[in-house]
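Residue numbers (the numbering used here): 1 to 591. Glycine included, C-beta positions come from ideal geometry on N, C-alpha and C. Since the structure is predicted, the reported quantities are computational estimates derived from the model, not experimental observations.
Laid out in structure tokens, this is it:
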């Protein structure tokens, strides 16, 4: 009965507040949508679903402006050092990699590379580059740019970055070498199964950055104050204006190489404007007023938007289960915590007790209006290959949570209603999240309520997003956080999160040597996974690693929403999926 009353109180408390469905990930800036076509879309009570086997593109029309929004300012325009999606999304259409992922098949395809072959048991690869590519300033793209990007930037020991983490094989890195103007050779220390996926990393212009790197200024280059003429890429768009707290303006790259089936130059759309709108309610109002073309639908918004869909000149797309789930992470970095907190947070029994105190089903009902699902595991149901239904789970059970806390000596010793440690410390901690994410703010309030019932005092504090990122990645000044990380198709994309040496190993990053045996085992499994070329065996390796993470509860997964996107029908040739947009340069506007 107590649980039912709690949910009723929370529903009343949160009623009328907006939810931010896309969590940490702001809207991908060139994601877009089109008027429903019976042959392309499947009818569903929860929104349109695309049948990619029936997709066909219309011949587009040039011109027009797309209007989108994001909830935060970018922290940097340098993709190498961007860890927050407000920054990565800001430059997503500016740069490209050697490869890309076909959203329809989820297989790697060529982007700046046209073809490749390998020899010597897969340790030597030859990549042939496109010869029709120019940078957005008109300079030609060549093999020099590729070799420079990897050898001088990604593999530079002075620049810690996730690409370097992904490419390390037993502590060694590949060697990139120019064969001729449009051919490169990659020598691997050992066979590397995720190579083609990993080569989707952005390529940068040597003619702009070479002198910057030589002078040691790359760490601060391409910050948000940079002259935008120096932000040069090969992608379909270039950033031409940025006004902090207001908007970003993108214009098409006049030198972009891609063409449609009629040999017309792409992209069709001339300009994109992304407004910076921290409040979800404001973004919804602007969408309803036809000032935005796109809006990420929350569970709370869904009923009213669905009702107005027919007369609102927009379509709701159901993309399915989210790739990203929110989770709680306790800081285990010994140097920045008091001794008693470090002992508590690094105790797996304590973390499992907290996990038992998370009412995931209640959160789905309250926060996502029922349009979501509980999560117990490092990947969601969207990644069907690596999802394991048999992994350890710690369902909502306050009695079990209390027993686990008692088993490690946490009791109310003085009758004040709060638990104390055996050496007399009141069990309390600060819990942070980003204030521009209403879902997480609601989740934090629910957790504070439930943990108080166990005698744990939670000091919940939502922060500005960029301030939060600074604490997580640089100062490590936090007790616990509610956050989420975007998923990747190949598990190696999360290597910098799960390996103990990783920069995004949030609970204790950049370890020179694994602190715990279970972290050492995960390190070993991720090392084995990149070398295993048998796909089925590789899947089992990563499932074992994820199972250990689920057992140790180093991150306590909570829940994830179903993903919906609402788009104006004037936006055509739009085919969205949970992994991204299918051939987004073919989008055009037809009023």
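Coarse secondary structure for residue 461, derived from DSSP in three states: Strand.
Buried or exposed: residue 332, going by 16 or more other Cβ atoms within 10 Å of its Cβ? Residue 332 counts as buried, since at least 16 other C-beta atoms from the protein chains shown sit within 10 angstroms of its C-beta.
If I measure Cβ to Cβ from residue 344 and keep anything under 6 angstroms in the same chain, skipping five residues before and after, which residues do I get? So the qualifying residues of the chain are 350.
Alpha carbon to alpha carbon, what distance is there between residue 532 and residue 124? Cα to Cα, residue 124 sits roughly 16 angstroms from residue 532.
Which residues mark the beginning and the end of the beta strand (DSSP E) in which residue 117 is found? Note, residue 117: beta strand (DSSP E), 113-119.
Measure from the C-beta of residue 169 to each C-beta in chain B and report whether the shortest distance is under 8 angstroms. The displayed structure is made up of one protein chain only, and chain B is not part of it.
Quick check on this structure: which residue in 539, 520, 357 and 437 has the alpha carbon closest to the alpha carbon of residue 454? Restricting attention to 539, 520, 357 and 437, the CA atom closest to the CA of residue 454 is found in 357.
In whole angstroms, what separates the C-alpha of residue 580 from that of residue 217? If you take the alpha carbons of residue 580 and residue 217, they lie about 33 angstroms apart.
Using the C-alpha atoms, what's the distance from residue 277 back to residue 246? If I take the Cα positions, the gap works out to 8 angstroms.
Would you decide whether residue 353 is buried or exposed? Buried here means 16 or more other CB atoms lie within 10 Å of its CB. Counting Cβ neighbours within 10 Å, residue 353 comes out buried, since at least 16 surround it.
Rounding to the nearest angstrom, what Cα-Cα distance links residue 95 and residue 451 in this structure? Approximately 45 angstroms, taken between the alpha carbons.
Are the stretch 125-145 and the stretch 254-265 touching, with three or more C-beta to C-beta distances below 8 angstroms? With three or more CB-CB distances shorter than 8 angstroms, the stretch 125-145 counts as touching the stretch 254-265.
Taking the alpha helix (DSSP H) that residue 107 belongs to, which residues open and close that run? Neither: residue 107 is in no alpha helix (DSSP H) and is coded neither H nor E.
Figure out for me which residue from 391, 236 and 459 has the closest Cα to the Cα of residue 542. Ranking 391, 236 and 459 by CA distance to the CA of residue 542 puts 391 first.
Mind checking who residue 243 pairs with in its DSSP beta bridge? Its beta-bridge partners are 247.
For residue 315 and residue 61, the rounded distance between their alpha carbons: Taken atom to atom, the span from the alpha-carbon of residue 61 to that of residue 315 is near 21 angstroms.
Mind checking whether residue 434 and residue 394 have CB atoms under 8 angstroms apart? No. Outside cutoff.
Other residues of its chain near residue 75: CB distance less than 8 angstroms, five sequence neighbours each side excluded: Taking residue 75 as the centre and dropping the five residues before and after it, the same chain places the C-beta of 82, 84, 86, 87, 224, 466 and 469 closer than 8 angstroms to its C-beta, in chain order.
So, helix, strand or coil for residue 83, using DSSP? In the structure shown, residue 83 sits in coil (DSSP, three-state: anything other than H, G, I, E or B).
Would you call the stretch 554-565 in contact with the stretch 233-242, where contact means no fewer than 3 C-beta pairs closer than 8 angstroms? No: fewer than three Cβ pairs fall under 8 angstroms.
Mapping the DSSP letters down to three states, classify residue 595 as helix, strand or coil. In this structure the chain extends from 1 to 591, so residue 595 is not present and cannot be described.
Where residue 440 falls: helix, strand or coil (DSSP): Residue 440: helix per DSSP, three-state reduction.
Between the stretch 563-581 and the stretch 518-536, do three or more beta carbon pairs fall short of 8 angstroms? Counting Cβ pairs under 8 angstroms, fewer than three are found: no touch.
Over what stretch of residues does the alpha helix (DSSP H) that includes residue 163 continue unbroken? Annotation for residue 163: the continuous alpha helix (DSSP H) segment containing it runs 162-167.
Exposed or buried, what is residue 414 when buried is set at 16 or more other beta-carbons lying within 10 Å of its beta-carbon? Counting Cβ neighbours within 10 Å, residue 414 comes out exposed, since fewer than 16 surround it.
Report yes if the C-beta distance between residue 59 and residue 262 is below 8 angstroms; otherwise report no. For the 8 angstroms CB-CB criterion, residue 59 and residue 262 form a contact.
Pairwise C-alpha distance: residue 178 and residue 152: Rounded to whole angstroms, the gap between the alpha carbons of residue 152 and residue 178 is 14 angstroms.
Can you tell me whether residue 474 is helix, strand or coil according to DSSP? When DSSP states are grouped into helix, strand and coil, residue 474 belongs to the helix group.
DSSP puts residue 568 in a beta bridge; with which residues? Answer by DSSP bridge pairing, in chain order: 314.
State the DSSP-derived secondary structure class of residue 265, mapped to helix, strand or coil. In this structure, residue 265 counts as strand in the three-state DSSP scheme.
From the DSSP secondary-structure annotation, give me the bridge partner or partners of residue 479. The bridge partners DSSP lists for residue 479 come to none.
N- and C-terminal bounds of the beta strand (DSSP E) containing residue 428: If you look at residue 428, you'll find it in the beta strand (DSSP E) that goes 428-434.
Below 8 angstroms between beta carbons: does that hold for residue 436 and residue 71? For residue 436 and residue 71, yes; Cβs fall inside 8 angstroms.
According to DSSP, what are the bridge partners of residue 559? The partner list for residue 559 (beta bridge, DSSP) reads 326 and 374.
May I ask you to list the residues that DSSP assigns as paired with residue 515? Beta-bridge partners of residue 515 (DSSP): none assigned.
Starting from the Cα of residue 91, find the closest Cα among 572, 279 and 249 and give me that residue. For the residues 572, 279 and 249, the minimum Cα distance to residue 91 belongs to 249.
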